[in-house]
Amino acid sequence: RNFRTDFLEEWPTPGTGPHFDTSMQSNFTGLVGKTVHLVCKVKNLGNRTVSWVRHRDIHLLTVGRYTYTSDQRFEALHSPHTEDWTLRIRYPQRKDSGIYECQISTTPPIGHPVYLTIVEPITIIVGAPDLFVNKGSTINLTCVVKYAPEPPPTMTWSHNADVINFDSPRGGISLVTEKGPETTSRLMIQKAVPSDSGIYKCEPSNANPSSIKVHVVNGELKFMYIANI
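44 is the number that full-length UniProt numbering gives to position 44 of the sequence shown; each next residue is one higher, with no gaps.
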């Protein structure tokens, strides 16, 4: 066989041989426990195969539509006649963060690394675990959700396990939510009375809840603080 011809077959002309779609995503962020998909787009694959390799331990995870790893959380996905070769990771943990490489079986192989970050959102109520307020004043609770890849679709507030009804006869209850890189939900309860005491919980739909114990007291708060020193 002619060496020169073989050499040209292994090194295809740019744009005609297998190559990666340069517009594809290189950074992926997922939530702990929520399935994540790493997508690799390959053009003009021909009779080559696409593999996914984990860089941390140089572990071959998938080849084509077949999954090679014994870790059943990983799975190869591909629909015929598409350019997408996807690595699906079920129940990801923070330890799964790192570099994964999509490889095409040319000689030598060519690869496209992607970086996966698995985050665990944190929910914080400012002032927790206890908040003391004077009777007749305003209870002002601020709940912050950090490190979520997307703002929580809903944030539910409850008082002593009962979801707070903003249209209740009690009145004077308002909620302001600001969504962004950090989502903030502010619950305000005017003219606090002793029955407003108890456990308040903020529960985002995509993160763990956080709670605070509110104490509505009579008299000046400074005496409460002195008593607790």
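All C-beta atoms, glycine included, are put in the ideal place defined by N, C-alpha and C.
Everything numeric in this text was worked out from a predicted model, so none of it was measured.
With respect to the C-alpha of Thr117, the residue from Ile139, His19, Gln25 and Gly98 having the closest C-alpha is Gly98. Under the DSSP definition of a beta bridge, Leu87 partners with Leu38 and Ala76. Under the three-state reduction of DSSP, Asp57 is assigned to coil, being neither helix nor strand.
Around the C-beta of Ala207, 16 or more other C-beta atoms lie within 10 Å, and the residue is accordingly described as buried.
Contact between Thr123 and Ser210 holds, since their C-beta atoms are separated by about 4 Å, short of 8 Å.
If you check the CB distance, Gly111 and Glu120 do not come in under 7 Å. Annotation for Lys135: Ala192, Val193, Pro194, Val216, Val217 and Asn218 place their beta carbon closer than 8 Å to its own, counting only its chain and skipping 5 residues before and after. Beta-bridge analysis with DSSP links Gln190 to no other residue.
Measuring C-alpha to C-alpha distances from Thr22 to each of Ile139, Val39 and Val32 identifies Val39 as the nearest.
Burial check for Val163: the Cβ neighbour count within 10 Å stays below 16, so the residue is exposed. In the DSSP assignment, Val126 falls outside any beta strand (DSSP E), carrying neither H nor E.
Collapsing the DSSP output to three states places Lys95 in a helix. Using a 10 angstroms sphere on the CB of Ala148, the tally of other CB atoms reaches 16 or more, which defines it as buried.
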